[in-house]
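In our numbering, each number is its position in the sequence shown, counted from 1, plus 1280.
Structure record follows, encoded as structure tokens.
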Amino acid sequence: MSCEPTFIKIAPLQAEQAIALDRDGYLLLRGAVPTAWREALRASFDAGVGTADQWAAPRGAGWRHALVDLDPTVQRTCRLPLLLAASAQLLGGPFFLAQVEGREPLKDGGHQPLHRDGAGMKAVAALVFLDAYGPDNGSTRIVPRHLDPGPLDQGEPDETLALMTAGEAGDILVFDADLPHGASRNRSGARRRSLLLSFMPMCNRATMDASRAIRNVRMDTGEVFAP
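What follows is the structure, given as structure tokens:
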């Protein structure tokens, strides 16, 4: 990791996108990944798939997992200006890229109950879709912020409030990690590779640095993105 952080200034979102993101807690960035990068990202994903013992902690059944965080095209994708602008809008202050890995639901696998990744730790999650995605191949469903009763609600998240995402390779779903969300079952078996990213505010740096090994983080996370 870098000894001295590199600060990178982030341009703001367009007003219309910022309003939608503040209201819904998520934003679907259609075609955000340049077409010329997509095949390289898919190749990186497939090259990063290994055996279970390459991971420091067990990975869930029903999924294919890929180590991708040292790939230069993956790193460029994590720094797409629109993705960083959306993350800055949600976090509101300096932040860093904590993690990126590849995930793909296998045939008849991938279903997750609606859940919150944030656990009170302010964070942004992003899914970079490398294949077309929809309800047949394990797409992500998400509850918009204005419909979400919040993490202090005593009941389980309401599935009837969840929206199913659908789109094409190159789309990026960026969202508040505390929003209820979850993948669906890959009924068709069609490929649905994605990169899963996590951005966090600087106050979480020490916690994330302490858990690098268990999370298989190999990349330099020293950059600081500043709104």
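Glycine included, C-beta positions come from ideal geometry on N, C-alpha and C.
Keep in mind that this is a model prediction, so the values were computed, not measured.
Check: Since proline 1385 sits in a beta bridge, which residues does DSSP pair it with?
Finding: Trp1343
Margin query: Less than 8 Å between the C-beta atoms of isoleucine 1299 and alanine 1506, yes or no?
Written below: no
Check: Is it buried or exposed for proline 1222, if we count other Cβ within 10 angstroms and need 16 for buried?
Finding: In the structure as shown, the chain begins at 1281 and stops at 1507. Residue 1222 is therefore absent and cannot be evaluated.
Notebook entry, point to check: Going by C-alpha distance, which of Thr1315, Thr1445, Pro1481 and Glu1284 is nearest alanine 1368?
Noted result: Pro1481
Item checked: Helix, strand or coil at threonine 1420 [DSSP, three-state] -> strand
Margin query: For the pair the stretch 1446 to 1466 and the stretch 1404 to 1412, tell me if three or more CB-CB distances fall below 8 Å.
Written below: yes
Notebook entry, point to check: With a CB to CB cut of under 8 Å and the five nearest residues on each side skipped, what residues in its chain are close to serine 1468?
Noted result: Lys1387, Asp1416 and Asn1417
Item checked: Rounded distance between the beta-carbons of aspartate 1456 and proline 1431, thought under 8 Å -> About 11 Å separates the two Cβ atoms, so there is no contact after all.
Notebook entry, point to check: Nearest to valine 1454 by alpha carbon, out of Leu1363, Gln1294 and Arg1383?
Noted result: Leu1363
Check: phenylalanine 1375 bridges to which residues according to DSSP?
Finding: Pro1481 and Phe1505
Check: Thinking just about the alpha-carbon of each residue, which of Leu1475, Tyr1306 and Val1404 is nearest to the one in aspartate 1426?
Finding: Inspection of the sequence shows that residue 1426 is occupied by histidine rather than by aspartate. Nearest neighbour of histidine 1426 by Cα position, chosen from Leu1475, Tyr1306 and Val1404, turns out to be Tyr1306.
Item checked: Which residues DSSP lists as bridging alanine 1406, in chain order -> Answer is Val1454 and Leu1477, bridged to alanine 1406.
Next item on the list: Look at the alpha carbon of tryptophan 1335 and the alpha carbon of aspartate 1500, and state the distance between them as a whole number of angstroms.
Entry: Approximately 18 Å, taken between the alpha carbons.
Check: Taking the C-alpha atoms as reference points, what is the distance between proline 1437 and proline 1429?
Finding: 8 Å
Margin query: Excluding the 5 residues flanking leucine 1309 on each side, which residues of the same chain have their C-beta closer than 6 Å to its C-beta?
Written below: Leu1362 and Ile1452
Note to self: Taking the straight line between their C-alpha atoms, what separation do you get for alanine 1332 and aspartate 1302?
What the structure shows: 39 Å
Next item on the list: Confirm, please, whether the CB-CB distance from asparagine 1466 to glycine 1390 is below 8 Å.
Entry: yes
Next item on the list: Could you say which of Gln1294, Ser1419 and Arg1492 lies nearest to arginine 1473 if we only look at CA atoms?
Entry: Ser1419
Next item on the list: Take alanine 1493 and list the residues in its own chain whose beta-carbon comes closer than 8 Å to its own, dropping the five residues that flank it on each side.
Entry: Hits under 8 Å: Ala1336.
Next item on the list: Counting only the same chain and skipping the five closest in sequence on each side, list residues whose C-beta sits under 7 Å from that of alanine 1365.
Entry: Ile1290, Ala1291, Pro1292 and Leu1293
Next item on the list: Measure the C-alpha to C-alpha separation of methionine 1488 and arginine 1318 and round it to an integer number of angstroms.
Entry: The straight-line gap from Cα to Cα measures roughly 29 Å.
Check: Below 8 Å between beta carbons: does that hold for arginine 1344 and glutamate 1381?
Finding: Going by C-beta atoms, arginine 1344 is not nearer than 8 Å to glutamate 1381.
Margin query: Give me, in chain order, the residues of the same chain whose beta-carbon lies closer than 7 Å to that of valine 1348; leave out the 5 immediate sequence neighbours on both sides.
Written below: Ser1324, Phe1325, Gly1328, Val1354, Val1380, Glu1381, Gly1382 and Leu1475
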